[in-house]
Amino acid sequence: MPARDRTYRTEAIVLRRKDIGEADRILTLLTPGAGKVRVIAKGIRKPRSRKAGHLELFTRTKLLVAVGHDLDIVTQAEVVEAYRPLREDLLRSATAAYMVELLDRFTPDDQENPEIYELLTHGLEWAATARDLGLAARAYELHLLSAAGFQPQLYRCVICNQALVPEDQFFSPHQGGVVCAACGAAPLDPQAESASDPHLRAGWLPLSLKALKLLRFTQSNPYPKVAALSLTAHTQAEVEAVMGRYITVLLERRLKSVEFLRLIRRPVASLAV
Ligand SMILES: [Zn+2]
């Protein structure tokens, strides 16, 4: 941005807030054009602040921002979508918080990703209105993983690469996809990479055909089609467990790499402080 542009307009969703000083607040925002950014809202905690109602958590808002020395400063805010049910229903609010945290963990700072921005606007809408919040969360997870480059492999076995046939099989969180029934039943091959660490194999989860179908359908269809599905609690619980385990494994690995990157990127000067 040229130095003469002292202010700019952007839409944003409020991901996190942190109080500082007497009346200020640091906001972590997701924006369509600049990804995840931090700004400061001065005086927002004063009783008569006109900005406060427009910068609530999980609110989609239009901002006028002044370029600051350290952090940019919000000078005007106007709500685009408040997702009001998220403030009135604990379960909806918790679902939205989960969606936002997941996005926060998978998204690096200052990296533009309009697809992820759009997904969050939809995800919050689903959390605010869905009849089945579990399905809404699964749809959001699968679409977020695709947008972030971690789409699970649901069509070929991650061990033998054969196209999967319709039957009960396994899911490997560490290998990021489905393990066919034959590979699941095969004795450990000491030459195979997958067998070199028995813990990998120990982490495989059973995946029923119904659960695989639900994963595929959710991954490749828009949410309204997913929301119209009628499913047993058992299939939903199975898919929730598989996704939960896969995400945990990804985040553990990712967090380590993120920590490492931070360490090696840190300028020498700041190490001395
Ligand atoms: Zn296989």
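Letter by letter, the sequence shown follows residues 1187 to 1459 of this note's numbering. Built from N, CA and C at the ideal position, the CB exists for glycine as well.
Residue i beta carbon near ligand 1 (any heavy atom closer than 7 Å)
i: Gln1348; result: yes
i: Ile1345; result: yes
i: Val1200; result: no
i: Ala1368; result: yes
i: Val1351; result: no
i: Val1365; result: yes
Residue i - partner residues in DSSP beta bridges
i: Gln1262; result: Leu1250
i: Gln1339; result: Gly1363
i: Ala1349; result: Arg1342
Residue i - DSSP class collapsed to helix/strand/coil
i: Ser1406; result: helix
i: Ser1416; result: coil
i: Thr1196; result: strand
i: Ala1268; result: coil
i: Lys1204; result: strand
i: Ala1283; result: helix
i: Arg1439; result: helix
i: Ile1230; result: coil
i: Lys1237; result: coil
i: Leu1257; result: coil
i: Glu1242; result: coil
i: Ala1427; result: helix
i: Ala1368; result: helix
Bounding residues of the alpha helix (DSSP H) (the contiguous stretch that carries residue i)
i: Thr1293; result: Thr1293 -> no alpha helix (DSSP H), and no H or E assigned at all.
i: Ile1302; result: 1300-1315
i: Ser1332; result: 1319-1334
Endpoints, beta strand (DSSP E) assigned at residue i
i: Leu1213; result: 1210-1217
i: Gly1221; result: 1221-1227
i: Leu1391; result: 1391-1393
i: Ser1358; result: 1355-1358
Proximity test, residue i beta-carbon vs ligand 3 heavy atom, cut-off 7 Å
i: Ile1226; result: Ligand 3 is not part of this structure, which contains only ligand 1.
Chain B contact for residue i (CB, 8 Å cutoff)
i: Lys1399; result: Reference to chain B is not applicable here, since this structure consists of a single protein chain.
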